[in-house]
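Novice: Just dropping this structure here.
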Amino acid sequence: MINKTRLRTALALAAAAASTQAMANGVAVNEQSASGMGTGFAGRSSSAQDASTVFGNPAGMSKIERTQISGGFAVIDASTDISSVQSPATGTNDGDMVPFTAIPFGYYVKPLSDNWHFGLGVYVPFGVISDYENSFQGRYHGLESEVQVVTVQPTISYRINERVSVGFGPTINRIEGTLTRAVAASPLNDSYVDIEGDDVGYGFNVGVLADLTDSLALGLTYHSKVDYTLEGDTQVSDFPIPVNGTYDATLDVTTPESIDLSLTYAHNEYWTLYAGATWTRWSQFDQLVIENPSAPGRFGNIEEDLNWSDTVAYALGAAYQITPSVVLRTGVAFDRSPTNDADRTVRIPVSDRTVLSLGAGWEATDNLTLDVAYAYLHEDEGSVSYSGSDTSPAYTADYRNSAHGLSAQATYSY
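Read in order, the letters of the sequence shown are residues -24 to -1, 1 to 390 in mature numbering (1 follows the signal peptide of the UniProt record, and there is no 0).
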């Protein structure tokens, strides 16, 4: 069936790459720019620092005066401590199931006139990956889980007047998923269920950016939900001969909509302050239903309730202009978990988290800007608890997650 999470995603700029436990909660990925990561993504929809505003707020393209290409990547090193394990099953609980991976991103913005801008973005909005050791004690509830989402977003913005701009971009989203778990076929033998599928879904990103005063900007961005039906197959192995085989399968998934409200305040020529709140409708991501109409018995339909709740994340950030060409950034974000001890799963064992960020930007030349950022993520301890069945022994454990993130970005204007 499925397994636990440590956020990891695959994105393609030209080929593909992957992420891990990202700095956003649930299965969201926050790493769409290094400049934004430096302030904890505070002010993401109100500060058009570079072409990554295609994702943050498409209306922000109206503030970019020259054609701009911006791209980079984030690398994340995540770790998990699993403790207080209780289960009749034998096995290990290493907690080392998230590979060291990278999340790339890329954007292009071109002014078409004084009022119109065109943009294009390629980024990762959602994803999850975890790969427990085969001897994992909770393997009957999840062994491997990888969901990869890649988004391409063509975008247009329009400056209504000197104070207000709007932007809109449809999103083309490709999702691929692999879900695996063990089944206790007999006291001495484990069998395995491996489900794979993919789909393309469509959504949109719309935003408005208003300069309330010469020093205060307000941004509002809406990212729509996207519905997917992953079509692929379920493979059953190491089970009695009549059951082993490959069966057609479908998996319905809805990634949630979100609303980001941000403020950017230019206090003076040195200090800029940022604040933001992001509401995410995680209740859209409430259940996983895997349908195997041709599979026998227990493998026919597999359902897993998540019972996730909507959340609001908050962020505060600041930037200090040391010289005309060098800026330092910092930020803190507080992101509540969409799940709790009653519903948390081994595949997505996320808890409330705090993220601290540091960053810097350097205008190396009139055409080239380089940005770097570092973030540390700390999660509260959370528990998972499964009751047992004939094929899935009970499993209870406490999880504590943390992660280090590093991002780099180059922006070229001409």
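Virtual Cβ for every residue (Gly too), placed ideally from N, Cα, C.
Hey, how far is the Cα of residue 85 from the Cα of residue 28?
Specialist: Between residue 85 and residue 28, the C-alpha separation is close to 9 angstroms.
Novice: Relative to the C-alpha of residue 239, which residue among 336, 196, 245 is closest?
Specialist: Minimum Cα distance to residue 239 is reached at 196.
Novice: Does the Cβ of residue 393 have 16 or more other Cβ atoms within 10 Å, making it buried, or fewer, making it exposed?
Specialist: This structure leaves residue 393 out entirely; the chain is present only between -24 and 390.
Novice: When you compare the CB positions of residue 113 and residue 296, do they come within less than 8 angstroms of one another, or not?
Specialist: no
Novice: Where are the beta strand (DSSP E) runs, 3 residues long or more, that stay fully inside the region 128 to 174, in chain order?
Specialist: 140 to 162
Novice: Less than 8 angstroms between the beta carbons of residue 115 and residue 71, yes or no?
Specialist: no
Novice: Relative to the C-alpha of residue 304, which candidate in 16, 194, 158 has its C-alpha closest?
Specialist: Among 16, 194, 158, the Cα nearest to that of residue 304 is on 16.
Novice: Give me whichever residues DSSP pairs with residue 86 in a beta bridge.
Specialist: 94
Novice: If you count every other CB in all the chains shown that lies within 10 Å of the CB of residue 229, and 16 or more means buried, which is it?
Specialist: Counting the other Cβ atoms within 10 Å of the Cβ of residue 229 gives 16 or more, which makes it buried.
Novice: Report yes if the CB atom of residue 389 is closer than 8 angstroms to the CB atom of residue 343, and no otherwise.
Specialist: yes
Novice: Less than 8 angstroms between the CB atoms is what I'm expecting for residue 104 and residue 126, so what's the real figure, rounded?
Specialist: With 8 angstroms as the limit, residue 104 and residue 126 do not qualify as a contact, their Cβ atoms being about 14 angstroms apart.
Novice: Which residues bound the beta strand (DSSP E) around residue 252?
Specialist: 247 to 256
Novice: Note down the Cα distance separating residue 6 from residue 374, rounded to an integer number of angstroms.
Specialist: 25 angstroms
Novice: Once DSSP output is grouped into helix, strand and coil, what is the label at residue 80?
Specialist: strand
Novice: In this structure, does DSSP put residue 14 in helix, strand or coil?
Specialist: coil
Novice: Does the distance from the C-beta atom of residue 398 to that of residue 36 stay below 8 angstroms?
Specialist: Outside the modelled stretch of the chain, which goes from -24 to 390, sits residue 398, for which no answer is possible.
Novice: List the endpoints of the continuous alpha helix (DSSP H) containing residue 104.
Specialist: Where residue 104 is concerned, there is no enclosing alpha helix (DSSP H), although the beta strand (DSSP E) it sits in stretches over 103 to 107.
Novice: Within its chain, find whatever has a CB closer than 6 angstroms to the CB of residue 312; leave out the 5 residues flanking it on each side and keep chain order.
Specialist: 287, 328
Novice: Going straight from the alpha carbon of residue 101 to that of residue 23, what length do you get?
Specialist: 19 angstroms
Novice: Please report the distance separating the alpha-carbon of residue 45 from that of residue 69.
Specialist: 44 angstroms
Novice: In the DSSP assignment, find the beta strand (DSSP E) that holds residue 335 and state where it starts and stops.
Specialist: Segment 329 to 339, the beta strand (DSSP E) holding residue 335.
Novice: Roughly how many angstroms lie between the CA atoms of residue 291 and residue 331, to the nearest whole one?
Specialist: 9 angstroms
Novice: First and last residue of the alpha helix (DSSP H) that includes residue 32?
Specialist: Looking at the DSSP string, the run of the alpha helix (DSSP H) that includes residue 32 is 29 to 32.
Novice: Helix, strand or coil, according to DSSP, for residue 71 in the structure here?
Specialist: coil
Novice: At a Cβ threshold of 8 angstroms, is residue 290 touching chain B?
Specialist: Among the chains in the structure shown there is no chain B, since it carries only a single protein chain.
Novice: Would you call residue 289 buried or exposed, if buried means 16 or more other Cβ atoms sit within 10 Å of its Cβ?
Specialist: Residue 289 is buried by the Cβ-count criterion.
Novice: Buried or exposed, going by whether 16 or more other CB atoms sit within 10 Å of the CB of residue 199?
Specialist: Buried, by the Cβ-count rule.
Novice: What distance in whole Å lies between the Cβ atoms of residue 118 and residue 321, which are believed to be in contact at a cut-off of 8 angstroms?
Specialist: 7 angstroms
Novice: Is residue 379 closer than 8 angstroms to residue 353 when the C-beta atoms are compared?
Specialist: yes
Novice: How should residue -4 be labelled, buried or exposed, when 16 other C-beta atoms within 10 angstroms of its C-beta is the threshold for buried?
Specialist: Note on residue -4: pLDDT 48, under 50, position unreliable in the model; the coordinate value appears next. By the 10 Å Cβ count, residue -4 comes out buried.
Novice: Quick one: what's got a C-beta closer than 6 angstroms to residue 377's C-beta in the same chain, skipping five residues either side?
Specialist: 56, 355
Novice: Please say whether residue 168 and residue 213 have beta carbons closer to each other than 8 angstroms?
Specialist: yes
Novice: Hey, residue 317 and residue 283 are a contact pair by Cβ (cut 8 angstroms); roughly how many whole angstroms apart?
Specialist: The pair is not a contact, with the Cβ atoms about 12 angstroms apart (cut-off 8 angstroms).
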